[in-house]
Amino acid sequence: MMKTLQDYIDKLNSLNFKEMYNGDFFLTWEKTDDELEAVFTLADALRFMREHNISTKVFESGLGISLFRDNSTRTRFSFASACNLLGLEVQDLDEGKSQIAHGETVRETANMISFMADVIGIRDDMYIGKGNAYMHDVADAVTEGNKAGILAQKPTLVNLQCDIDHPTQVMADMLHIIHEFGGVENLKGKKLAMTWAYSPSYGKPLSVPQGVIGLMTRFGMDVVLAHPEGYEVFPEVEAVAAENASKSGGSYTKTNDMKEAFQDADIVYPKSWAPFAAMEKRTDLYAKGDQAGIDALEKELLSQNAQHKDWACTEELMKTTKDGKALYLHCLPADITGVSCEEGEVDASVFDRYREPLYKEASFKPYIIAAMIFLAKFADPADILKKLDEKGTPRILK
Amino acid sequence: MMKTLQDYIDKLNSLNFKEMYNGDFFLTWEKTDDELEAVFTLADALRFMREHNISTKVFESGLGISLFRDNSTRTRFSFASACNLLGLEVQDLDEGKSQIAHGETVRETANMISFMADVIGIRDDMYIGKGNAYMHDVADAVTEGNKAGILAQKPTLVNLQCDIDHPTQVMADMLHIIHEFGGVENLKGKKLAMTWAYSPSYGKPLSVPQGVIGLMTRFGMDVVLAHPEGYEVFPEVEAVAAENASKSGGSYTKTNDMKEAFQDADIVYPKSWAPFAAMEKRTDLYAKGDQAGIDALEKELLSQNAQHKDWACTEELMKTTKDGKALYLHCLPADITGVSCEEGEVDASVFDRYREPLYKEASFKPYIIAAMIFLAKFADPADILKKLDEKGTPRILK
Amino acid sequence: MMKTLQDYIDKLNSLNFKEMYNGDFFLTWEKTDDELEAVFTLADALRFMREHNISTKVFESGLGISLFRDNSTRTRFSFASACNLLGLEVQDLDEGKSQIAHGETVRETANMISFMADVIGIRDDMYIGKGNAYMHDVADAVTEGNKAGILAQKPTLVNLQCDIDHPTQVMADMLHIIHEFGGVENLKGKKLAMTWAYSPSYGKPLSVPQGVIGLMTRFGMDVVLAHPEGYEVFPEVEAVAAENASKSGGSYTKTNDMKEAFQDADIVYPKSWAPFAAMEKRTDLYAKGDQAGIDALEKELLSQNAQHKDWACTEELMKTTKDGKALYLHCLPADITGVSCEEGEVDASVFDRYREPLYKEASFKPYIIAAMIFLAKFADPADILKKLDEKGTPRILK
Numbered sequence: 001m002m003k004t005l006q007d008y009i010d011k012l013n014s015l016n017f018k019e020m021y022n023g024d025f026f027l028t029w030e031k032t033d034d035e036l037e038a039v040f041t042l043a044d045a046l047r048f049m050r051e052h053n054i055s056t057k058v059f060e061s062g063l064g065i066s067l068f069r070d071n072s073t074r075t076r077f078s079f080a081s082a083c084n085l086l087g088l089e090v091q092d093l094d095e096g097k098s099q100i101a102h103g104e105t106v107r108e109t110a111n112m113i114s115f116m117a118d119v120i121g122i123r124d125d126m127y128i129g130k131g132n133a134y135m136h137d138v139a140d141a142v143t144e145g146n147k148a149g150i151l152a153q154k155p156t157l158v159n160l161q162c163d164i165d166h167p168t169q170v171m172a173d174m175l176h177i178i179h180e181f182g183g184v185e186n187l188k189g190k191k192l193a194m195t196w197a198y199s200p201s202y203g204k205p206l207s208v209p210q211g212v213i214g215l216m217t218r219f220g221m222d223v224v225l226a227h228p229e230g231y232e233v234f235p236e237v238e239a240v241a242a243e244n245a246s247k248s249g250g251s252y253t254k255t256n257d258m259k260e261a262f263q264d265a266d267i268v269y270p271k272s273w274a275p276f277a278a279m280e281k282r283t284d285l286y287a288k289g290d291q292a293g294i295d296a297l298e299k300e301l302l303s304q305n306a307q308h309k310d311w312a313c314t315e316e317l318m319k320t321t322k323d324g325k326a327l328y329l330h331c332l333p334a335d336i337t338g339v340s341c342e343e344g345e346v347d348a349s350v351f352d353r354y355r356e357p358l359y360k361e362a363s364f365k366p367y368i369i370a371a372m373i374f375l376a377k378f379a380d381p382a383d384i385l386k387k388l389d390e391k392g393t394p395r396i397l398k
Numbered sequence: 001m002m003k004t005l006q007d008y009i010d011k012l013n014s015l016n017f018k019e020m021y022n023g024d025f026f027l028t029w030e031k032t033d034d035e036l037e038a039v040f041t042l043a044d045a046l047r048f049m050r051e052h053n054i055s056t057k058v059f060e061s062g063l064g065i066s067l068f069r070d071n072s073t074r075t076r077f078s079f080a081s082a083c084n085l086l087g088l089e090v091q092d093l094d095e096g097k098s099q100i101a102h103g104e105t106v107r108e109t110a111n112m113i114s115f116m117a118d119v120i121g122i123r124d125d126m127y128i129g130k131g132n133a134y135m136h137d138v139a140d141a142v143t144e145g146n147k148a149g150i151l152a153q154k155p156t157l158v159n160l161q162c163d164i165d166h167p168t169q170v171m172a173d174m175l176h177i178i179h180e181f182g183g184v185e186n187l188k189g190k191k192l193a194m195t196w197a198y199s200p201s202y203g204k205p206l207s208v209p210q211g212v213i214g215l216m217t218r219f220g221m222d223v224v225l226a227h228p229e230g231y232e233v234f235p236e237v238e239a240v241a242a243e244n245a246s247k248s249g250g251s252y253t254k255t256n257d258m259k260e261a262f263q264d265a266d267i268v269y270p271k272s273w274a275p276f277a278a279m280e281k282r283t284d285l286y287a288k289g290d291q292a293g294i295d296a297l298e299k300e301l302l303s304q305n306a307q308h309k310d311w312a313c314t315e316e317l318m319k320t321t322k323d324g325k326a327l328y329l330h331c332l333p334a335d336i337t338g339v340s341c342e343e344g345e346v347d348a349s350v351f352d353r354y355r356e357p358l359y360k361e362a363s364f365k366p367y368i369i370a371a372m373i374f375l376a377k378f379a380d381p382a383d384i385l386k387k388l389d390e391k392g393t394p395r396i397l398k
Numbered sequence: 001m002m003k004t005l006q007d008y009i010d011k012l013n014s015l016n017f018k019e020m021y022n023g024d025f026f027l028t029w030e031k032t033d034d035e036l037e038a039v040f041t042l043a044d045a046l047r048f049m050r051e052h053n054i055s056t057k058v059f060e061s062g063l064g065i066s067l068f069r070d071n072s073t074r075t076r077f078s079f080a081s082a083c084n085l086l087g088l089e090v091q092d093l094d095e096g097k098s099q100i101a102h103g104e105t106v107r108e109t110a111n112m113i114s115f116m117a118d119v120i121g122i123r124d125d126m127y128i129g130k131g132n133a134y135m136h137d138v139a140d141a142v143t144e145g146n147k148a149g150i151l152a153q154k155p156t157l158v159n160l161q162c163d164i165d166h167p168t169q170v171m172a173d174m175l176h177i178i179h180e181f182g183g184v185e186n187l188k189g190k191k192l193a194m195t196w197a198y199s200p201s202y203g204k205p206l207s208v209p210q211g212v213i214g215l216m217t218r219f220g221m222d223v224v225l226a227h228p229e230g231y232e233v234f235p236e237v238e239a240v241a242a243e244n245a246s247k248s249g250g251s252y253t254k255t256n257d258m259k260e261a262f263q264d265a266d267i268v269y270p271k272s273w274a275p276f277a278a279m280e281k282r283t284d285l286y287a288k289g290d291q292a293g294i295d296a297l298e299k300e301l302l303s304q305n306a307q308h309k310d311w312a313c314t315e316e317l318m319k320t321t322k323d324g325k326a327l328y329l330h331c332l333p334a335d336i337t338g339v340s341c342e343e344g345e346v347d348a349s350v351f352d353r354y355r356e357p358l359y360k361e362a363s364f365k366p367y368i369i370a371a372m373i374f375l376a377k378f379a380d381p382a383d384i385l386k387k388l389d390e391k392g393t394p395r396i397l398k
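Shown next, in the form of structure tokens:
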């Protein structure tokens with residue numbers, strides 16, 4: 001963490017992130033290095049201010065719309081925390097209570113809810129080819145509405161997890177890594193293993209491993225993706241990872257051997273995901289409304305998983321990492337062997353040992369989201385930070 | 001839109017709306033012309049201020065209770081937007097989560113939720129004779145509670161749609177018409193056709209056509225209500241419409257011929273609704289808990305509708321309006337032929353052509369609701385606007 | 001009510017409640033007399049300020065997490081009102097929408113939702129031995145998280161009803177009694193009858209009678225607990241009551257005779273509750289997931305209740321109280337004979353006569369909750385009140 005708020009302001013002023021003003025945040029690889037660095041810097045600045053009891057409320061009124069098409073605790077609360085920190089009130093679009101079931105188009109709904117919305121956060125990650133596309137439909141609709149004078153402001157879209165990427169999660173993970181290693185410069189040549197892990201629960205989305213390789217290959221690290229055969233991620237994202245690695249002076253490799261990935265790793269991220277092919281199949285079954293097919297597919301997925309129970313982050317495996325002390329990461333909740341399930345992604349003793357850094361990792365997310373919003377709503381965020389500091393309103397009265 | 005905020009303040013100061021202070025908003029025809037004009041003026045003033053980044057936050061704390069006994073997207077978000085604009089936090093009374101199921105009386109619930117509530121917004125439109133009555137029960141309960149010193153303030157009741165009227169909707173529609181035609185004075189002698197239209201979906205409430213004829217007959221227009229036989233609206237509301245028209249120098253007529261209504265119309269509002277008699281029958285079946293009966297009635301309604309598929313707002317019909325360019329209105333969501341259904345209320349090409357004005361029409365609703373609240377909470381709203389302007393707090397920090 | 005805000009400030013400055021800062025509120029008998037008096041004083045002060053249109057907003061941002069594991073209207077709205085009064089935004093943890101079902105530990109969830117939470121309000125009252133324990137798990141988890149630097153602040157835990165006590169309710173009831181009798185000093189020697197009453201609805205929790213005897217024995221009153229055989233409360237709580245009574249110069253007695261309890265009582269609190277043994281049995285059945293067993297138990301409870309239909313607060317019984325005018329209390333909703341049920345806890349005419357004081361009783365709850373939060377978040381609450389008064393920001397703009 002920097003020493004004074006001015007350090008953060010100076011840092012921001014050294015970066016070029018003009019394109020973020022009035023923009024949206026879909027995928028990390030659509031952003032430049034400076035833009036990502038602006039998010040990290042501003043996230044840390046907002047945290048600095050909150051921890052020094054300086055209010056970062058920049059809105060007197062305004063809504064932050066949340067639209068979750070999948071279960072969530074963490075991200076739902078992170079989004080609400082981020083909005084609240086800035087002065088926005090969360091209004092949830094509950095598709096059960098709305099009239100979307102009666103044939104309302106996406107374009108219409110997006111505009112109808114946005115008259116006083118400054119941000120729309122969407123999680124739509126369950127169906128391949130659908131989630132990210134839906135987010136774009138919404139963003140296009142409100143951009144059009146703003147241009148036509150229907151909406152006085154263009155709500156910024158924040159991707160709270162789609163079928164392709166999970167930017168708020170992996171940006172939080174990355175900021176955590178940067179803090180743990182004392183700066184981006186210390187990451188060059190470090191080995192990061194993003195590995196699959198056994199889980200007894202249903203097919204989890206690909207957006208976390210994809211988000212990790214899509215982002216963390218930009219910092220000069222040697223990123224290894226490891227998984228059993230049949231658990232491939234999108235080739236398009238792998239291409240992004242390879243190009244990132246090349247540009248940043250790092251590397252991107254793959255292996256079907258978890259041990260090989262863990263060997264001398266500085267950072268490990270063992271986490272379950274469903275096979276891409278299965279996720280596509282589920283998307284088709286969903287389109288056909290074939291619930292029986294979806295249930296059958298789930299059984300198939302679970303038994304396929306069960307062939308790889310050895311893909312677990314055990315104490316033995318951790319011992320093979322760099323000095324036996326690699327930084328263990330997880331987006332949570334983890335399937336912890338003997339705690340949340342009989343056999344899972346990670347040994348209980350490993351998870352326990354890393355509990356505090358895992359919670360620290362999670363703590364960055366509200367600030368990452370707040371930073372993404374802030375950078376989209378202000379042309380000169382550094383100047384706004386200065387003004388907040390000068391006002392010096394305490395967050396909690398003293 | 002006026003040129004400066006002072007124009008709005010002067011306009012308000014020229015009107016007499018004293019009775020609105022500490023009042024409620026149930027039906028538009030319970031309000032005087034000055035009172036309606038105060039709502040329109042204040043709605044425009046609040047919009048002017050928001051578009052000029054002046055905060056209209058008038059509450060440091062306070063709740064806006066929302067109680068929706070029927071699905072809603074638009075009005076739910078409009079109510080939340082209006083409350084948020086003024087500084088009130090929405091708290092939803094979800095009858096599933098509450099103990100209302102355990103025999104709590106309306107009077108008790110109304111008081112129990114209102115200790116720190118400044119406004120209560122209710123939608124209760126599905127059962128004839130019940131909705132508006134329920135709203136009055138709630139308003140009476142909190143008025144009594146305030147008189148007895150139980151509640152420090154009397155929450156103002158805003159009708160978010162009842163079985164009789166839909167004031168927030170039709171006031172927004174009317175303000176849109178006034179803007180589109182450049183002023184009330186330009187409405188004299190204009191022809192407005194409020195017509196039924198075919199819909200493949202279940203019986204929709206009567207409160208929109210009733211709200212339209214109950215309000216829009218006050219501006220000197222020639223208002224025509226058109227529907228097939230069997231789709232009559234409340235005779236009491238028709239009586240109100242006839243009297244309004246007489247007083248305003250306009251007219252109110254009826255026809256069973258959609259073409260006749262559309263002929264040379266300046267404004268058309270084709271929208272489906274259920275037959276009054278059927279809605280009453282559904283109310284009885286609901287009281288008896290006869291779900292099978294309700295389902296059978298729904299089938300009956302749909303087949304009755306299907307006898308009038310020619311009641312659709314087609315391109316051909318639109319060509320017969322004044323210069324072929326009548327203003328097309330809808331409260332949304334519309335049943336769009338070929339888009340939301342096979343055969344619906346309106347041709348896709350007509351809907352498309354009017355999309356922007358339709359969204360503009362909808363954009364007035366949060367401001368109409370905010371104005372209704374404002375006029376009930378402040379004895380001198382014009383003075384409050386002045387103070388907000390002098391404070392000049394930006395809505396979004398700059 | 002005191003004459004000026006300074007009276008409340010002086011009162012607070014005369015009390016010692018240092019331990020409440022950064023504390024939690026679980027059970028009233030874990031608090032000292034000064035601490036309880038601080039809650040009463042501050043609740044009245046906050047009410048005084050709100051009724052004089054002085055804003056008591058002490059947070060520019062921050063969340064108040066609500067977690068209700070049982071139905072609620074009153075307490076849900078009271079908690080939201082209290083948070084809103086102070087400037088906190090409520091974020092509900094809906095266990096249906098969250099991932100708690102997927103094996104997430106309490107410790108993890110508690111931290112994941114708390115990054116920007118200043119208070120967590122929990123209702124968990126249905127299962128003996130579980131509710132209060134769960135609240136402690138949550139409070140321990142966030143205390144740990146705060147110590148470890150994961151959470152910048154320690155959210156204060158407010159018990160919104162557990163299996164043992166219902167502090168916000170009984171503190172509100174007590175403050176009402178103090179106001180009705182014109183001061184604590186006037187309570188010495190008054191007789192308070194906390195009696196069971198017949199109800200046709202399912203087993204209600206023991207926390208109200210337990211909370212009443214656990215708190216109201218501290219003021220020198222003669223507290224009588226009355227119930228049919230088989231409806232005993234926790235012996236541990238009775239021991240607390242007996243000790244409280246002894247220290248305060250009052251008394252705590254029991255009887256199986258409702259008439260004896262009502263005889264010459266100054267205050268009566270007739271309310272249904274389920275037999276302790278039955279509630280324990282239900283806890284076991286729940287642990288086993290035995291829904292059929294739970295349904296059977298409910299039938300058993302209802303028929304056991306039905307043997308004591310004479311345990312009703314009738315006009316006849318009220319006549320036997322002190323001057324026939326004992327203060328009738330209820331936490332609401334009551335089972336009112338002939339209104340909410342055929343035969344219930346209280347005659348309709350009795351309930352009607354006491355409606356206003358009953359609503360007044362309820363009106364204290366939001367202020368009690370706000371006071372509990374305030375005392376946990378500020379080391380010098382009296383000084384904060386002074387500052388709020390000096391700022392003099394109006395709650396509603398004038």
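These protein sequence lines are chains A, B and C, in that order.
Going by this note's numbering, the first sequence opens with residue 1, and the numbers climb by one from there.
Going by this note's numbering, the second sequence opens with residue 1, and the numbers climb by one from there.
Going by this note's numbering, the third sequence opens with residue 1, and the numbers climb by one from there.
Virtual Cβ for every residue (Gly too), placed ideally from N, Cα, C.
Quiz item: Three-state secondary structure (DSSP) at residue 50(B)?
Solution: helix
Quiz item: Hey, residue 121(A) and residue 160(A): beta-carbon distance below 8 Å or not?
Solution: yes
Self-check item: Close Cβ partners of residue 82(C) (< 7 Å) along its chain, the five nearest in sequence each way excluded
Solution: 366, 369, 370, 373
Quiz item: If the cut is a Cβ gap below 9 Å, which residues of chain B does residue 63(A) touch?
Solution: 77, 80, 81, 84
Exercise. Assign residue 244(B) to one of two classes, buried (16 or more other C-beta atoms within 10 Å of its C-beta) or exposed (fewer than that).
Key: buried
Quiz prompt | Residue range of the beta strand (DSSP E) that includes residue 193(C) | solution = 191–195
Exercise. Assign residue 102(B) to one of three DSSP states: helix, strand, or coil.
Key: Note that residue 102(B) scores a pLDDT of 43, beneath 50, so its modelled location is shaky and nothing firm can be said.
Practice problem: Using a Cβ cut-off of 9 Å, pull out every chain A residue sitting near residue 325(B), in sequence order please. | Solution: Simply none; closest approach about 19 Å.
Self-check item: Pair within 8 Å by beta-carbon distance, residue 221(A) and residue 190(A)
Solution: yes
Quiz item: With 16 as the cutoff for other CB atoms within 10 Å, does residue 61(C) come out buried or exposed?
Solution: buried
Quiz prompt | alpha helix (DSSP H) runs contained entirely in the stretch 323–370 of chain B, provided each spans 4 or more residues | solution = 348–353, 355–363
Practice problem: For the alpha helix (DSSP H) containing residue 276(C), list its first residue and its last residue. | Solution: 276–288
Practice problem: Could you tell me the distance, in whole angstroms, from the CA atom of residue 148(C) to the CA atom of residue 142(C)? | Solution: 10 Å
Quiz prompt | Neighbour list for residue 60(A) in chain B, Cβ cutoff strictly below 9 Å | solution = 55, 56, 57, 87, 393, 394, 395, 396, 397
Exercise. Determine which residues of the stretch 344–371 of chain C have a Cβ less than 7 Å from any Cβ of chain B, and write them out in chain order.
Key: 356, 359, 360, 362, 363, 366
Quiz item: residue 321(A): buried (16+ other C-beta within 10 angstroms of its C-beta) or exposed?
Solution: buried
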